[in-house]
Amino acid sequence: MTGPEWFVRSVRQHDTHHGTVQRCGDVVVLRPACGGASFAALNRRPIHECYYDEQRCPGCLAASRKPRLVLVAAP
Ligand SMILES: [Zn+2]
Numbered sequence: 568m569t570g571p572e573w574f575v576r577s578v579r580q581h582d583t584h585h586g587t588v589q590r591c592g593d594v595v596v597l598r599p600a601c602g603g604a605s606f607a608a609l610n611r612r613p614i615h616e617c618y619y620d621e622q623r624c625p626g627c628l629a630a631s632r633k634p635r636l637v638l639v640a641a642p
């Protein structure tokens with residue numbers, strides 16, 4: 568299992584997010600999982616391990632750790 572893919576909005580603290588990715592040519596547009604506005608990421612390739620812990624958005628980090636419901640068919 569791979570971790571979340573992180574995309575950088577700015578180099579400020581807590582401004583690296585993960586969420587839904589849309590690629591428009593060379594531009595990666597991310598809709599953050601924390602509910603913030605979509606933005607064009609500074610990085611084209613996802614970051615799997617942030618260099619500094621404080622780079623990661625706490626809202627997106629919490630969203631990535633939530634257990635997900637899995638629907639299964641009833642027998
Ligand atoms: Zn976020």
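For what it's worth, my numbering labels the leading residue of the sequence shown as 568, then goes sequentially. The C-beta atom is built at its ideal place from N, Cα and C for all residues, glycine as well. As the structure is a computational prediction, the values presented were derived from the model and not from experiment.
Is residue 597 helix, strand or coil when you go by DSSP?
In the three-state reduction of the DSSP assignment, residue 597 falls in the strand class.
With DSSP as the reference, label residue 629 as helix, strand or coil.
Here residue 629 sits in helix by DSSP.
Is residue 580 helix, strand or coil by DSSP?
Look at residue 580 here: in three-state DSSP terms it is coil, with no helix or strand label.
Are the region 634 to 642 and the region 591 to 607 touching, with three or more C-beta to C-beta distances below 8 Å?
Contact between the region 634 to 642 and the region 591 to 607 is not established, with fewer than three Cβ pairs separated by less than 8 Å.
Does the beta carbon of residue 600 sit closer than 8 Å to a beta carbon anywhere in chain C?
Absence of chain C from the displayed structure is noted, only one protein chain being present.
Could you check if residue 602 is buried or exposed, using at least 16 other CB atoms within 10 Å of its CB as the buried criterion?
With fewer than 16 other Cβ atoms within 10 Å, it is exposed.
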